[in-house]
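Heads up: the structure comes next, in structure tokens.
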Ligand code: SF4
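Residue numbers (my numbering): 255 to 704.
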């Protein structure tokens, strides 16, 4: 780690580049009509991925950056699940066949807040409207504190084969400060229950940079998690944006680690996971050597989408639910953010699209460069530009930021091949930003690069 660079580049507010351009650039010019046209134009040989958003939780974690709200009663959740089923029908009817689906992801919020019967009905709707391939990955985000045996069985019966469990930190002081008390035993019980039910793919989510968190407590959390041997870990830095997420104001700012300490925690977690036998994938994922994500990294087929690093290679993502984002060859679409407005739109038989972004050829070129940099810590600009009918020299010459990164030893250029230097990998978002033509208008909306 180079503290001089961490202090300089690490202070910048930059996108995580789970899409390009990023969501702040979406506009109301894209609505239901455009989405319907884009759906009708899905190529005949295409397959798709589905994302279903369930924006409800039983209690709010103060660090949360997701689109979610607290539901103490079950009724709004069952009404919302019914709206999701209607949306699946509505969207699939725009396509002139049963589109093949290779990935399904239930995110939140807490998808497992639904009643087991409601989840089974939802899976039934998906299978009725789409052809879910037998080898499809069906993944669900899980709050281990509230996972019941009945829900575990419903997940397994529905064909779920990957579960992402929120863990964050086992340090009791950190847990109290973020309003998320979750013992090791509860996490172990959920993990073992899922495995017993036949759900073999297990991911754990960890966070560093939380209030009162230290390198020692991060290492202790990793040590405990490693005993349960999940296949994958996602390790995110806490993004403190109280201006946009009001519940984050309950976090004591004085207890937050500074930029350098955050970086130490990130490095300590990475080192401990590697020592425990995991392979680092991109910026913030870790996987066992035999895992599909590790193979994707090795084969150069690793991708990045709204959930982070993924083995999902489809270029079509259909998003369902309030705030859900979809991606089609023509561009991005996003649904109504509020659950009430979303449900009203669907009940009226209208696609709930309220904004989006039509991709230009330049966006597609830059999106591919940024995705390769985020996945591989490098990119062959010559090859990528050739695929898009463009000249790499123009791309290289158009970025003053890139020249600074080269001068500071963060990037090495060999012909038209670019690589992030090993001790600068933590600044990969800064390197990706060198190819972001939309950056200036959205900087204040993002988290710090380190
Ligand atoms: S359970 Fe997850 S989505 Fe719900 S409030 Fe906590 S962090 Fe946010």
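Built from N, CA and C at the ideal position, the CB exists for glycine as well.
Helix, strand or coil for residue i, going by three-state DSSP, please let me know.
| i | result |
| --- | --- |
| residue 383 | helix |
| residue 278 | helix |
| residue 353 | coil |
| residue 690 | coil |
| residue 388 | strand |
| residue 373 | helix |
| residue 529 | helix |
| residue 317 | coil |
| residue 575 | coil |
| residue 607 | strand |
| residue 378 | helix |
| residue 546 | helix |
| residue 347 | coil |
| residue 602 | coil |
| residue 401 | coil |
| residue 273 | coil |
| residue 366 | helix |
Less than 6 Å between C-beta atoms, sequence neighbours within five positions excluded: which residues of the same chain meet that for residue i?
| i | result |
| --- | --- |
| residue 565 | 546, 547 and 550 |
| residue 385 | 352 and 354 |
| residue 623 | 633, 638 and 689 |
| residue 370 | 404, 405 and 408 |
| residue 472 | 462, 519, 522 and 523 |
| residue 655 | 688 |
| residue 454 | none |
| residue 271 | 624, 628 and 686 |
| residue 360 | 306 and 394 |
| residue 540 | 487, 527, 532 and 534 |
| residue 236 | Because the chain in this structure spans residues 255 to 704, residue 236 falls outside the shown range and cannot be described. |
Going by DSSP, which residues form a beta bridge with residue i?
| i | result |
| --- | --- |
| residue 479 | In DSSP, residue 479 forms no bridge with anything. |
| residue 534 | 540 |
| residue 580 | 587 |
| residue 568 | Partner(s): none; residue 568 has no beta bridge. |
| residue 612 | 585 |
| residue 596 | According to DSSP, residue 596 bridges with nothing at all. |
| residue 311 | 324 |
| residue 557 | 564 |
| residue 395 | 418 |
| residue 359 | 305 and 393 |
Nearest-angstrom Cα distance between residue i and residue j?
| i | j | result |
| --- | --- | --- |
| residue 306 | residue 519 | 32 Å |
| residue 413 | residue 394 | 11 Å |
| residue 218 | residue 647 | Residue 218 cannot be examined here, being either before or after the span of the chain that is shown, 255 to 704. |
| residue 683 | residue 534 | 16 Å |
| residue 582 | residue 509 | 42 Å |
| residue 479 | residue 400 | 19 Å |
| residue 594 | residue 692 | 32 Å |
| residue 698 | residue 499 | Its pLDDT being 49, under 50, residue 698 is placed unreliably in this model, and the value from its coordinates should be taken loosely. Taking the straight line from one Cα to the other gives about 14 Å. |
| residue 630 | residue 531 | 20 Å |
| residue 326 | residue 363 | 13 Å |
| residue 486 | residue 448 | 15 Å |
| residue 464 | residue 423 | 9 Å |
| residue 614 | residue 436 | 46 Å |
| residue 671 | residue 652 | 16 Å |
| residue 458 | residue 282 | 36 Å |
| residue 396 | residue 482 | 16 Å |
| residue 562 | residue 431 | 26 Å |
| residue 598 | residue 516 | 43 Å |
| residue 494 | residue 273 | 21 Å |
| residue 674 | residue 275 | 21 Å |
| residue 268 | residue 434 | 27 Å |
| residue 381 | residue 591 | 26 Å |
| residue 490 | residue 605 | 33 Å |
| residue 560 | residue 277 | 10 Å |
| residue 726 | residue 375 | The structure shown has nothing for residue 726, since the chain only spans 255 to 704. |
Near residue i, which residues of its chain fall below 7 Å by C-beta distance, leaving aside the five closest residues on each side in sequence?
| i | result |
| --- | --- |
| residue 280 | 586, 588, 609, 610 and 611 |
| residue 368 | 308, 331 and 335 |
| residue 320 | 362 and 363 |
| residue 511 | 463, 467 and 519 |
In chain order, what residues of the same chain lie with their CB nearer than 8 Å to the CB of residue i, ignoring the 5 residues before and after it?
| i | result |
| --- | --- |
| residue 324 | 310, 311, 312, 313 and 314 |
| residue 557 | 550, 563, 564, 565, 566, 567, 625 and 629 |
| residue 664 | 259, 263, 674, 675, 678, 681, 684 and 685 |
| residue 445 | 398, 419, 456, 482 and 484 |
Using a Cβ-Cβ distance under 9 Å, would residue i count as near chain C?
| i | result |
| --- | --- |
| residue 632 | Absent here is chain C; the protein component of the structure consists of one chain. |
Ordered list of alpha helix (DSSP H) runs contained in the segment 279 to 307, each at least 4 residues: 286 to 294
Segments assigned beta strand (DSSP E), at least 3 residues, entirely inside the segment 619 to 688: 632 to 634, 665 to 668 and 671 to 674
Complete beta strand (DSSP E) runs within the segment 471 to 518 (minimum length 3 residues, chain order): 486 to 491
Runs of beta strand (DSSP E) lying entirely within the segment 405 to 464, each at least 3 residues, in chain order: 416 to 422 and 455 to 462
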